[in-house]
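Undergrad: Take this structure, written in structure tokens, and hold onto it; I'll ask about it next.
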Amino acid sequence: MARLNPNEILRQVEAEGFERVWKRSAELLPKPSGRRERRIGRGESHPLYDLIQRLRELFLEMGFTEVSNPIIIDENEVYKQYGPEAPIILDRCYYLATLPRPDIGLSKAKRREIEKLGVKLTDKRVTAIRRTLRSYKRGEIEPDDLIEALSKALGIPDTTAMLIVSRVFPEFASLRPEPTTQTLRSHMTTPWFLTLQALQYKVDLPLRLFSIGVRFRREQREDPTHLRVHHSASCVVMDEEVDVEEGEEITRNLLEPLGFERFRFVRKDVTSKYYAPGMEYEGYIYHPTMDRWIEVVNYGLYSPIALARYGIEYPVLNVGVGVERVALALYREDDVRRLVYPQFYAELTLSDEEIARMVRIEVEPETPEGSMIKRRIIEEAIRNADKVGPCELLVYDGEVMGRKVRVYLYERDEGAKLIGAAAMNKIYIYKGNVLGIPEDGMEDLELVREARRRGVQTGIRFIDGVASLAARRIEEAVRSGKRRINVRVRIAKRPRDVNIEIGEVARRYITSRKGRIEVSGPVFMGVRAEIESLNPRS
RNA sequence: GCCGGGUUACCCUAGCCUGGUAGGGGGCAGGCCUGCUAAGCCUGUGGCCUAACGGGCCGCGUGGGUUCAAAUCCCACACCCGGCGCCA
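So the first sequence is residues 13 to 550, counted in the working numbering.
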């Protein structure tokens with residue numbers, strides 16, 4: 013299998029520069045051979061999004077209409093909603109910063125500054141400056157070379173070019189992001205005010221809306237119960253009159269169908285400023301494996317002051333469910349990082365079943381005749397297993413790709429059985445070990461007994477691997493015009509010796525956990541084939 | 001933000017205190033051995049260079065420094081893992 017070689021690629025980039033290597037980098041990719049046939053089954057969904065999907069359905073059934081709320085919100089909105097509490101909220105927000113856009117248009121002010129440095133700006137030079145800066149921005153000129161490029165383009169000394177860059181275009185020399193007043197929403201509440209304001213005269217009351225989406229919080233560190241980005245399943249009810257009790261009802265209607273039975277709702281003593289005082293509640297569900305109550309929902313009636321700042325004339329109930337928290341309890345997981353980002357946090361664990369699926373016969377016959385030869389070898393070997401050598405059995409007499417082929421199983425040694433004792437061994441996976449063990453016997457070894465009783469069978473025997481290999485070799489011999497071919501396997505020490513391959517992922521997993529790959533034993537199988545020449549008379 | 005632990009080749013791991021040839025195991029590859037099995041022995045297994053078999057240079061997260069000599073000591077940085085704090 014062709015692969016990329018990261019070390020070599022980076023060395024080339026170092027030696028020749030990015031641009032040159034990049035231009036020919038398509039050649040570094042392995043060529044599609046067109047022969048790889050892969051059976052691709054259905055993919056796996058992410059449990060978090062499965063839950064989101066169910067919550068969406070439940071909201072819709074409850075008569076809520078889905079909306080998409082803005083994610084980027086000006087800090088000003090937070091002040092309007094939270095009043096004096098805003099700075100505390102904003103402390104937890106991410107502000108967006110952007111790189112200053114360099115003035116390639118060359119404003120009058122910039123021109124004056126350049127001329128002040130003693131460079132007469134002809135039209136030609138203006139064009140040259142623009143072109144140079146533009147290609148710098150595109151990465152065609154390396155940062156180290158900017159000054160040189162500029163001095164060449166303008167026909168001025170390096171020192172002058174340096175002055176132009178440092179005084180007139182400092183934004184090019186160092187890319188420093190500049191903060192804006194835009195923030196990433198830390199609550200779904202923040203955009204709700206905007207959405208409600210926009211819809212209050214356009215849709216008849218009661219207005220029932222929901223939105224499931226991400227919110228961002230500036231956590232110092234992500235931990236088992238905190239992520240920087242997580243999902244809120246949020247809904248609002250705006251009507252001429254709204255009862256805060258409905259928050260509990262909505263929560264139950266949302267979570268009971270998921271199988272939750274135990275809830276706890278508590279009125280918060282200290283109310284957030286965007287809610288009316290005493291009108292904020294928290295809800296908990298019981299996490300069965302962590303054996304504790306976890307906070308999953310917050311609901312309340314928006315403060316009339318906050319509503320007034322958006323010109324909203326009706327009371328609004330807001331319910332926000334923390335999706336990841338619910339997922340924790342639902343899937344009985346105790347670390348939200350592992351649940352959401354298994355690719356980063358979950359230790360790779362392969363069940364024996366999964367390892368078993370990664371064990372396969374490496375080389376297989378390609379033609380129907382080849383498969384028949386493989387089958388015949390196995391049948392005859394098993395039937396005559398106890399036959400004592402020297403002996404030879406004709407197991408196949410027929411055509412392969414238009415040539416007459418006779419295949420024999422043989423044993424030359426005096427007194428030896430046709431096939432070795434380990435030939436019928438089966439590959440078992442047991443507790444992360446790959447073991448090739450016989451149907452019976454070897455009772456003194458505990459691992460063998462256990463593996464036989466509790467391990468996962470792959471259904472692959474040593475003989476299957478060897479017969480596949482022999483059949484394939486015969487096909488190849490026919491193709492290349494050989495007259496005879498002999499495949500003999502004696503004592504196996506490794507999977508490869510019996511044409512069995514353990515996938516790389518499984519192998520890494522096993523070796524990194526000090527598991528054993530024990531595919532060995534006296535196999536002793538001899539297969540030879542005679543292939544009739546193309547011209548029967550020769 | 002504070003405190004602690006870590007990063008060694010395909011995988012795991014030792015070496016660090018006390019500087020001196022990167023050791024062991026697994027896997028993989030090659031050779032020897034071979035008939036009832038947990039199974040032996042030997043060799044190889046980072047990259048580059050070479051006037052060619054003899055070697056040279058670079059490699060222990062990255063970049064510096066100290067030193068005749070650095071995986072090891074010092075400094076800075078990155079990333080990972082814990083704990084504390086923050087967590088409307």
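Think of the CB as a built atom: it goes at the ideal place given N, C-alpha and C, for glycine as much as any other residue.
Taking the alpha carbon of LEU270 as the point to measure from, which residue in ILE367, ARG179, TYR343, LEU72 has its own alpha carbon closest?
TA: Cα-wise, what sits closest to LEU270 is TYR343.
Undergrad: Tell me, please, which residues DSSP counts as bridged to CYS12.
TA: Lying outside 13 to 550, the shown extent of the chain, residue 12 is not represented and no answer is given.
Undergrad: Buried or exposed for MET291, please, with buried defined as at least 16 other CB atoms from any protein chain shown within 10 angstroms of its CB.
TA: Its Cβ being crowded by 16 or more others within 10 Å, MET291 is buried.
Undergrad: Check whether the Cβ atoms of VAL417 and VAL539 sit closer than 8 Å, and answer yes or no.
TA: Cβ atoms of VAL417 and VAL539: not closer than 8 Å.
Undergrad: Roughly how many angstroms lie between the CA atoms of ASP409 and ARG424, to the nearest whole one?
TA: Roughly 21 Å separates the two Cα atoms.
Undergrad: Could you tell me if VAL517 is buried or exposed, where buried requires 16 or more neighbouring beta carbons within 10 angstroms of its beta carbon?
TA: It is exposed - the Cβ of VAL517 has fewer than 16 other Cβ atoms within 10 Å.
Undergrad: Give me the DSSP bridge partner(s) of TYR440.
TA: In the DSSP output, where bridge partners are listed per residue, TYR440 has LEU447, GLN469.
Undergrad: Cβ atoms of LYS136 and VAL180: under 8 Å apart, would you say?
TA: No, Cβ-Cβ distance for VAL180 and LYS136 is not below 8 Å.
Undergrad: For the region 216-224 against the region 245-256, are there 3 or more C-beta pairs whose distance is under 8 Å?
TA: Short answer: they touch.
Undergrad: Expressed to the nearest angstrom, what Euclidean distance is found between the alpha-carbon atoms of LEU40 and GLU31?
TA: Taking the straight line joining both Cα atoms gives about 14 Å.
Undergrad: With the cut-off set at 8 Å, would you say PRO534 and ALA433 are in Cβ contact?
TA: It is a contact, given that the beta carbons lie within the stated cut-off.
Undergrad: Might you give, ordered along the chain, the residues of its own chain that have their beta carbon closer than 7 Å to the beta carbon of ALA463, omitting 5 neighbours on each side?
TA: Contacts found: TYR440, TYR442, LEU447, ILE449.
Undergrad: Comparing alpha-carbon positions, which option in LEU430, ARG415, GLU411, LEU406 lies nearest VAL400?
TA: It is LEU430.
Undergrad: Could you check what DSSP says for ARG304 in three-state terms: helix, strand or coil?
TA: Three-state result, ARG304: strand.
Undergrad: For the region 226-240 against the region 255-262, do three or more pairs of beta-carbon atoms, one drawn from each stretch, fall closer than 8 Å, so that the two count as touching?
TA: No: fewer than three Cβ pairs fall under 8 Å.
Undergrad: With DSSP run on the structure shown, which of helix, strand or coil describes TYR326?
TA: TYR326 falls in the coil class under three-state DSSP.
Undergrad: With H, G and I counted as helix, E and B as strand and the rest as coil, what does DSSP make of GLU190?
TA: Strand, per DSSP.
Undergrad: Please report the residue range of the beta strand (DSSP E) in which ASP476 lies.
TA: Per DSSP, ASP476 belongs to no beta strand (DSSP E); it is in the alpha helix (DSSP H), 474-491.
Undergrad: Nearest CA to the CA of VAL510: which residue from VAL478, SER163, ASP456?
TA: Among VAL478, SER163, ASP456, the Cα nearest to that of VAL510 belongs to VAL478.
Undergrad: Taking Cβ positions, are VAL308 and TYR293 nearer each other than 8 Å?
TA: Taking 8 Å as the Cβ cut-off, VAL308 and TYR293 do not qualify as a contacting pair.
Undergrad: What did DSSP end up calling MET291 once you bin it into helix, strand or coil?
TA: Strand at MET291.
Undergrad: Give the DSSP-derived three-state secondary structure of THR134 in the structure shown.
TA: In this structure, THR134 counts as coil in the three-state DSSP scheme.
Undergrad: Tell me the DSSP secondary structure of ALA541 in three-state form.
TA: Reduced to three states, the DSSP call for ALA541 is strand.
Undergrad: Among LYS280, ARG485, LYS43, PHE536, which residue has its Cα nearest to the Cα of ASN437?
TA: When each option's Cα is compared against that of ASN437, the closest is PHE536.
Undergrad: Beta-carbon within less than 6 Å of THR165's beta-carbon, same chain only, minus the 5 sequence neighbours each way: which residues are those?
TA: Looking at the sequence shown, residue 165 is not Thr but Ala. Closer than 6 Å at Cβ, skipping near neighbours: ALA140, THR144.
Undergrad: Provide the residue(s) that pair with ASP235 in DSSP beta bridges, ordered along the chain.
TA: DSSP, once it has assigned bridges, lists HIS238 as partnering ASP235.
Undergrad: Cutting at 7 Å between CB atoms, please list the residues of its own chain near ILE10, excluding the five before and the five after it.
TA: Since the displayed the chain opens at 13 and closes at 550, residue 10 lies outside it and no answer follows.
Undergrad: Can you tell me whether DSSP reads LEU195 as helix, strand or coil?
TA: The residue you asked about is not Leu; residue 195 is Thr in the sequence shown. The answer is strand: DSSP assigns THR195 an E or B state.
Undergrad: According to DSSP, what are the bridge partners of TYR422?
TA: DSSP, once it has assigned bridges, lists GLU404, GLY538 as partnering TYR422.
Undergrad: How big is the Cα-Cα spacing for TYR357 and ARG349?
TA: Distance between the alpha carbons of TYR357 and ARG349 is about 6 Å.
Undergrad: Shortest alpha-carbon distance to LEU72 belongs to which of LEU329, ASN265, ARG197, ILE385?
TA: Comparing Cα-Cα distances from LEU72 to each of LEU329, ASN265, ARG197, ILE385, the minimum goes to ASN265.
Undergrad: CB THR110 to CB THR195, shorter than 8 Å?
TA: No; because the gap between Cβ atoms is not below 8 Å, this pair is not in contact.
Undergrad: Should the region 306-322 be regarded as contacting the region 352-370, the criterion being three or more beta carbon pairs within less than 8 Å?
TA: At 8 Å Cβ cutoff, the stretches do not touch.
Undergrad: Ignore the nearest five residues each way along the sequence and tell me which others in ILE126's own chain have a CB closer than 7 Å to its CB.
TA: Cβ within range, chain order: LEU133, ILE176, VAL180.
Undergrad: What residue ranges within the region 338-406 form continuous alpha helix (DSSP H) runs of no fewer than 4 residues, ordered along the chain?
TA: Those alpha helix (DSSP H) runs which fall completely within the region 338-406 and span 4+ residues are 348-352, 354-357, 364-369, 380-395.
Undergrad: Check whether the region 364-376 and the region 465-473 are in contact - that is, three or more C-beta pairs closer than 8 Å.
TA: Yes: the two stretches touch, three or more of their Cβ pairs being nearer than 8 Å.
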